[in-house]
Amino acid sequence: MELLDNLALGFSVAFTLENLTYALLGCILGTLVGVLPGLGPVPTIAMLLPITYVLPPVAGLIMLAGIYYGTQYGGSTTAILVNLPGETSAVVTVLDGHQMARNGRAGAALALAAIGSFFAGTVATMLIAAFAPPLAEVAFKFGPAEYFSLMVLGLVGAVVLASGSLPKAICMILLGLLLGMVGTDVNSGVARYDFGIPELQDGIDFAIVAMGVFGFAEILSNLEQKENRVDITDKVGQLYPNRQEMREAAPAIVRGTALGSALGILPGGGSVLSAFASYTLEKKLSKNPERFGKGHPAGLAGPESANNAGAQTSFIPLLTLGIPGNAVMALMVGAMTIHNIQPGPQVMSSHPELFWGLIASMWIGNLMLVVLNLPLIGVWIKLLKVPYRILFPAILVFCTIGVYSLNYNTFDIFTTAIFGIIGYIWAKLKCEGAPLLLGLVLGPMMEENFRRALLLSRGDYTTFVTRPLSATLLGLTVILVILVALPSIRKKREETFVEED
Amino acid sequence: MHIRNKQDFWAGLMFIALGLGFALGATQYQMGTAARMGPGYFPFWLGICLALLALVVTLSSLSRKTEETEVGRFDFKILAIVIGTVILFGLLLRPLGLYASLFILVVGSSMASHEFNWKVSVANGIFLVVFCWLAFIKGLGLIFPLWPSFLGMN
Chain A
143 MELLDNLALG
153 FSVAFTLENL
163 TYALLGCILG
173 TLVGVLPGLG
183 PVPTIAMLLP
193 ITYVLPPVAG
203 LIMLAGIYYG
213 TQYGGSTTAI
223 LVNLPGETSA
233 VVTVLDGHQM
243 ARNGRAGAAL
253 ALAAIGSFFA
263 GTVATMLIAA
273 FAPPLAEVAF
283 KFGPAEYFSL
293 MVLGLVGAVV
303 LASGSLPKAI
313 CMILLGLLLG
323 MVGTDVNSGV
333 ARYDFGIPEL
343 QDGIDFAIVA
353 MGVFGFAEIL
363 SNLEQKENRV
373 DITDKVGQLY
383 PNRQEMREAA
393 PAIVRGTALG
403 SALGILPGGG
413 SVLSAFASYT
423 LEKKLSKNPE
433 RFGKGHPAGL
443 AGPESANNAG
453 AQTSFIPLLT
463 LGIPGNAVMA
473 LMVGAMTIHN
483 IQPGPQVMSS
493 HPELFWGLIA
503 SMWIGNLMLV
513 VLNLPLIGVW
523 IKLLKVPYRI
533 LFPAILVFCT
543 IGVYSLNYNT
553 FDIFTTAIFG
563 IIGYIWAKLK
573 CEGAPLLLGL
583 VLGPMMEENF
593 RRALLLSRGD
603 YTTFVTRPLS
613 ATLLGLTVIL
623 VILVALPSIR
633 KKREETFVEE
643 D
Chain B
259 MHIRNKQDFW
269 AGLMFIALGL
279 GFALGATQYQ
289 MGTAARMGPG
299 YFPFWLGICL
309 ALLALVVTLS
319 SLSRKTEETE
329 VGRFDFKILA
339 IVIGTVILFG
349 LLLRPLGLYA
359 SLFILVVGSS
369 MASHEFNWKV
379 SVANGIFLVV
389 FCWLAFIKGL
399 GLIFPLWPSF
409 LGMN
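Residue numbers (the working numbering), protein chains in the order written: chain A, 143 to 643; chain B, 259 to 412.
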């Protein structure tokens with residue numbers, strides 16, 4: 143069994159003291175960030191990226207992955223106890239999770255969320271281990287034309303499956319791609335859009351954009367809202383769900399896991415969409431849908447499992463094709479390139495210890511989170527009571543220090559500040575930052591493949607549609623866009639995301 | 259003319275300007291041909307695509323069927339304080355060193371909160387300076403100018 147050998151290799155890497163420590167550190171940091179409302183995984187990972195420069199690549203990636211799924215767990219804790227989503231994918235958890243807490247079942251709700259997430263994490267980890275190698279085989283057949291088309295599909299898919307206005311999101315992608323053009327062109331050595339500023343010749347670091355647009359702009363928006371209604375449920379109660387709750391939640395966990403795993407693989411699917419879809423499904427299937435929104439265990443356990451499964455399987459396109467499906471994965475691409483690892487199908491063969499170590503550590507991380515979250519719930523509750531006026535200067539400090547330590551350059555701090563202002567304007571105009579970040583990361587790669595494809599075809603644009611694989615990928619993109627533009631589907635799409643506002 | 263969807267209208271105009279700006283910038287670089295692209299080729303067409311799509315966004319925001327949206331008020335005071343102190347931190351880092359400029363960043367930015375309180379923010383500033391010293395300087399060994407440069411202690 144090759145799979146078992148691979149997993150054994152993975153566990154032998156993940157079980158070293160060093161990697162276990164970094165996984166734990168990542169999980170703790172992730173939970174911390176997830177618990178605190180108003181600080182998402184994107185700015186946190188961007189903030190901590192420079193720190194991972196000093197770590198070996200495996201340890202660095204393990205820690206970043208730990209932060210990512212740690213935020214999923216932490217976010218649900220806040221959602222259940224405070225009626226505030228700690229981060230976006232926990233929006234759905236608020237609906238039934240907080241109601242359960244109101245009914246005095248906070249402990250049970252937390253336990254169900256943790257059990258569901260752990261189950262989903264375990265299944266999703268196995269799925270990654272099983273499906274990544276065959277997918278990577280397919281990826282080896284890709285030429286530049288196929289890669290270009292795949293990136294088009296990935297980028298469009300990422301916004302089609304997300305909420306918000308589609309044309310505006312595509313505009314943000316294009317703008318991100320353009321920002322990715324800033325800096326020295328690898329083919330000709332010409333510095334583009336540098337305005338004569340030497341610091342811009344290396345391009346705009348995506349960590350700077352992420353911290354400005356997600357970190358600073360978020361702080362500004364939060365500070366505006368003077369009414370911070372906080373309604374913390376202190377009484378956690380018994381940590382064990384009773385038998386009826388278990389019986390109602392168990393099928394939802396399984397269905398949520400399946401749904402989340404499938405949607406997570408799709409570009410842009412990730413955790414948010416999975417959670418929404420699972421909630422809708424559970425409500426449809428339930429014999430008494432009127433109990434949803436009033437503390438139905440299935441309405442909590444389903445989406446919780448789905449968002450965790452989705453979060454995990456969104457690693458599949460990254461690890462096999464080198465294409466990030468969401469903003470967090472875009473940051474992971476950055477983290478890999480920093481360590482001189484070109485993300486893509488070759489990672490598995492050239493760095494097997496990294497690939498399988500990361501996968502094994504995901505499972506270990508999920509286990510750690512269950513152990514970490516349930517008994518330590520009291521600590522997280524205390525943390526929730528830290529007022530925002532103390533919290534946001536701390537976030538600013540970590541962002542600025544993180545930015546400075548990218549290149550030990552104050553110019554980067556100023557750039558981040560400018561992106562903070564831009565991000566604030568975008569927030570007012572309801573332009574999302576995630577598509578921009580994806581475009582920014584993929585921009586140079588996309589141009590490179592576009593150029594190469596046309597070089598090979600001697601300038602013939604039909605190469606993108608005459609090569610069968612490339613044509614299929616572009617065809618899928620067109621179908622996706624048409625589907626979303628159809629009035630009936632557009633209405634459904636709006637309904638699915640309606641609870642987000 | 260009544261602008262119904264103000265958010266999309268202004269976003270569209272912004273994207274048109276940015277798209278045309280990038281396309282115009284690209285004309286300064288060699289365009290080349292499709293087979294042998296110069297550095298200007300890809301960004302030029304990308305900029306044009308952005309401007310065209312943005313035109314669609316702008317025009318459809320004027321359509322009678324579109325939903326009505328308003329652009330929320332900008333809170334310039336908060337914006338100025340938060341972004342201002344970050345820029346100030348960048349400016350002061352070299353002359354004043356990390357500890358002093360970090361403290362100024364914390365206390366200064368705290369003023370943006372509507373529940374600002376001198377005692378709390380000073381305490382928070384001291385705490386964060388100590389925390390950063392422990393975590394970043396001692397723990398991770400990041401290299402910063404620590405003390406004001408005129409003291410000559412760095």
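We put the beta carbon where it would ideally sit given N, CA and C, even for glycine.
Owing to the predicted nature of the structure, the values given are computational and were not obtained by experimental measurement.
- Taking 8 Å as the CB-CB limit, is B/TYR407 close to chain A? A quick correction: the sequence has Ser, not Tyr, at residue 407 of chain B. Judged by the 8 Å Cβ criterion, B/SER407 is not in contact with chain A.
- Any C-beta of chain A sitting closer than 8 Å to the C-beta of B/MET295? yes
- Where A/GLU144 falls: helix, strand or coil (DSSP): helix
- Query: In whole angstroms, what separates the C-alpha of A/ALA253 from that of A/TYR546?
  - Reply: 40 Å
- Please state whether DSSP places A/THR163 in a helix, a strand or coil. helix
- Item | Residues of the segment 515–544 of chain A whose Cβ lies closer than 9 Å to any Cβ of chain B, in chain order | PRO529, TYR530, ARG531, ILE532, PHE534, PRO535, ALA536, LEU538, VAL539, PHE540, CYS541, THR542, ILE543
- Message: Among A/LEU473, A/GLY486, A/PHE606, whose alpha-carbon lies nearest the alpha-carbon of A/PRO185?
- Response: A/LEU473
- Item | Coarse secondary structure for A/GLY648, derived from DSSP in three states | What the structure shows of chain A is the stretch from 143 to 643, and residue 648 of chain A is not part of that stretch, so it cannot be assessed.
- Under 8 Å by beta carbon: chain B residues contacting A/ASP344: Here the premise fails: no neighbours, minimum Cβ distance about 16 Å.
- Message: On the DSSP letters alone, give me the boundaries of the alpha helix (DSSP H) that A/SER428 sits inside.
- Response: No alpha helix (DSSP H) contains A/SER428, which DSSP labels as neither H nor E.
- Listing by chain order, which chain A residues have their CB less than 7 Å from the CB of B/THR291? GLY601
- Item | Range covered by the alpha helix (DSSP H) that runs through A/ILE270 | 248–282
- Compare the C-alpha of A/LEU463 against each of A/ASP554, A/PHE534, A/GLY296 and name the closest. A/GLY296
- Cβ of B/ILE384 within 8 Å of any chain A Cβ: no
- Message: Is any non-hydrogen atom of the ligand COA found closer than 7 Å to the C-beta of A/THR219, if you look at the structure I gave you?
- Response: Of the ligands one can find in the structure shown there are none, so the ligand COA has no counterpart to examine.
- If you draw a straight line from the C-alpha of A/PRO431 to the C-alpha of A/LYS425, how long is it? 5 Å
- Task: Run down chain B in chain order and give the residues with a C-beta less than 7 Å from the C-beta of A/GLU589.
- Result: PHE300
- Message: Can you tell me where the alpha helix (DSSP H) holding B/GLU373 begins and where it ends?
- Response: From DSSP, B/GLU373 is part of no alpha helix (DSSP H); its letter is neither H nor E.
- Can you name, in chain order, every residue of its own chain whose Cβ lies under 6 Å from the Cβ of A/TYR164, other than the five neighbours on each side? ALA201, ILE204, MET205
- Sheet register partners of B/THR327 (DSSP bridge): B/ASN263
- Message: Residues of the segment 555–571 of chain A in Cβ contact with chain B at a cutoff of 9 Å, in chain order, please.
- Response: ILE555, PHE556, THR558, ALA559, ILE560, GLY562, ILE563, TYR566, ILE567, TRP568, ALA569, LYS570, LEU571
- Presumed contact (8 Å Cβ cut-off) between A/TYR210 and A/GLY172, rounded CB distance: 7 Å
- Message: In the DSSP output, which residue or residues are listed as bridge partners for A/ALA333?
- Response: A/THR326
- Decide if A/GLN241 is buried, meaning its Cβ has at least 16 other Cβ atoms within 10 Å, or exposed. buried
- Relative to the alpha-carbon of A/ARG433, which residue among A/ALA188, A/PHE534, A/ASP238, A/CYS169 has its alpha-carbon at the smallest distance? A/ASP238
- At a CB-CB cut-off below 7 Å, which residues of chain A make contact with B/GLY348? THR552, ILE555, PHE556
- Message: Considering just the uninterrupted stretch of the alpha helix (DSSP H) at A/TYR530, what are its terminal residues?
- Response: 530–549
- Message: Residues of the segment 349–374 of chain B in Cβ contact with chain A at a cutoff of 9 Å, in chain order, please.
- Response: LEU349, LEU351, ARG352, LEU356, LEU360, LEU363, VAL364, VAL365, GLY366, SER367, SER368, ALA370, SER371, HIS372, GLU373, PHE374
- Is A/GLY172 helix, strand or coil when you go by DSSP? helix
- Item | Under 8 Å by beta carbon: chain B residues contacting A/ILE361 | VAL340
- Looking at the C-beta of A/ARG334, does it have a partner C-beta in chain B at a distance below 8 Å? yes
- When DSSP labels each residue in this structure, what does B/MET295 get in the three-state scheme? strand
- Message: Check whether chain B comes within 8 Å of A/CYS169, counting only Cβ atoms and requiring the distance to be less than that.
- Response: no
- Mind pulling the chain A residues with CB within less than 8 Å of B/ILE261? Going along chain A, no residue has its Cβ under 8 Å from B/ILE261, so there is no contact; the nearest lies around 13 Å.
- Task: Return the Cβ separation of B/VAL315 and B/GLY270 in integer angstroms, given the expectation that the two are a contact with Cβ distance under 8 Å.
- Result: 4 Å
- List, in order along the chain, the chain A residues whose C-beta lies closer than 7 Å to that of B/TRP376? Neighbours of B/TRP376 on chain A: none; closest Cβ ~12 Å, over 7 Å.
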